[in-house]
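**Student:**
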Amino acid sequence: MNDIWLTRIVPHASSRDARGDLGNAVGLHRRLMSLFPDGAGPDPRAALGVLHRVEDSPAGPYILMQSRQQPDLGKLPKDYGTAAVRETSPLLSALRPGATLHFRCVASPVRKPGAGTRSLYNLPAVVPLTGAHADEWWMRQADTAGLKVLTLRSQPLDSATGLRGRRGADQQRIRHARTRFDGTAAVIDPDQLRAKLTDGIGRGKAYGCGLLTVAPARSREGATRA
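Take any residue in the sequence shown, note its place counting from 1, add 11, and you have its number in the numbering used here.
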């Protein structure tokens with residue numbers, strides 16, 4: 012399979028650039044995309060396989076980013092933070108049916124009601140899911156990812172928000188409701204799983220949603236390492 016890179020960026024609390032990015036999903040997307048060359052086509056995020064999420068730790072937040080191309084960390088602003096990158100393709104290539112994994116995914120679970128239902132109940136085109144409905148959504152996603160979920164914990168997170176586009180009438184506020192899914196699962200179809208690991212899950216992939224990471228179940232550190 013093609014190379015897959017996992018980058019961990021630990022922002023400095025003193026960095027104004029980093030603080031601004033952590034509070035703005037659109038700004039963080041732009042920052043991460045700036046680490047890659049231009050000319051990747053009409054959808055550079057998808058072409059480069061860039062997925063990310065922000066993780067909390069006792070020492071403070073950090074950014075976990077996956078990509079098909081190694082990022083140029085030298086393009087980060089001076090004093091932005093510390094960063095390290097490693098290649099994860101060997102782990103993905105080693106996936107086998109029956110293996111038990113820890114998983115983690117911060118995703119945006121939604122449903123899209125039909126036109127008749129929207130009109131009848133005055134619903135928006137996209138309805139965020141929470142609680143048991145979000146868990147059911149995740150179980151369906153895991154099934155299409157070639158996983159059989161064994162244990163599941165879910166936690167609602169603050170929405171990913173920001174302003175996209177030029178200032179003025181063309182500017183659009185984005186908002187993606189988010190839930191973090193953690194647990195263990197058995198691998199049913201390694202090829203399906205590799206595809207979902209590479210492509211991501213659900214909506215809002217540019218804004219910190221959809222990155223699925225896994226680790227062998229014997230690991231004590233859970234599924235934050237990919």
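Every residue, glycine too, gets a C-beta built ideally from N, C-alpha and C.
Mark G194 as exposed unless 16 or more other C-beta atoms lie within 10 angstroms of its C-beta, in which case mark it buried.
**Tutor:** Buried, because 16 or more other Cβ atoms sit within 10 Å of the Cβ of G194.
**Student:** Since P22 and G92 are thought to touch, with beta carbons under 8 Å apart, how far apart are those beta carbons, to the nearest angstrom?
**Tutor:** That pair is a contact at about 4 Å.
**Student:** Roughly how many whole angstroms lie between the Cα atoms of V121 and Q81?
**Tutor:** Their backbone Cα atoms lie some 32 Å apart in a straight line.
**Student:** Below 7 Å CB to CB, which residues in the same chain sit around H187 once its five sequence neighbours on both sides are set aside?
**Tutor:** Within the same chain, H187 has close Cβ partners S119, S170, A171, R214, G215, Y218, C220.
**Student:** Reducing DSSP to helix, strand and coil, say where L140 ends up.
**Tutor:** Coil.
**Student:** Excluding the five sequence neighbours on either side, which residues of its own chain have a C-beta within less than 7 Å of the C-beta of D146, listed in chain order?
**Tutor:** Excluding positions up to five away in sequence, the list reads L163, S165.
**Student:** If you check the beta carbons only, do T99 and L222 fall under 9 Å apart?
**Tutor:** Against a cut-off of 9 Å, the Cβ pair of L222 and T99 comes out as no contact.
**Student:** On a CA-only basis, which of A110, E66, V117, V37 is nearest R189? Give me that one, please.
**Tutor:** Considering only alpha carbons, the answer is V117.
**Student:** Would V175 and V65 be called neighbours here (beta carbons separated by less than 9 Å)?
**Tutor:** In the sequence under discussion, the amino acid at residue 175 is Arg, which differs from the Val named in the question. Taking 9 Å as the Cβ cut-off, R175 and V65 do not qualify as a contacting pair.
**Student:** Between the C-alpha atoms of P7 and D83, what's the straight-line distance to the nearest angstrom?
**Tutor:** Outside the shown range of the chain (12 to 237) lies residue 7, about which nothing can therefore be said.
**Student:** If you scan the segment 36–79 from start to end, which runs of the alpha helix (DSSP H) of 4 or more residues do you find wholly inside it?
**Tutor:** 36–44, 55–59, all fully within the segment 36–79.
**Student:** Report yes or no: do three or more beta-carbon pairs, one from the segment 197–206 and one from the segment 105–117, lie closer than 8 Å?
**Tutor:** As far as the Cβ criterion goes, the segment 197–206 touches the segment 105–117, which means the pair count is three or higher.
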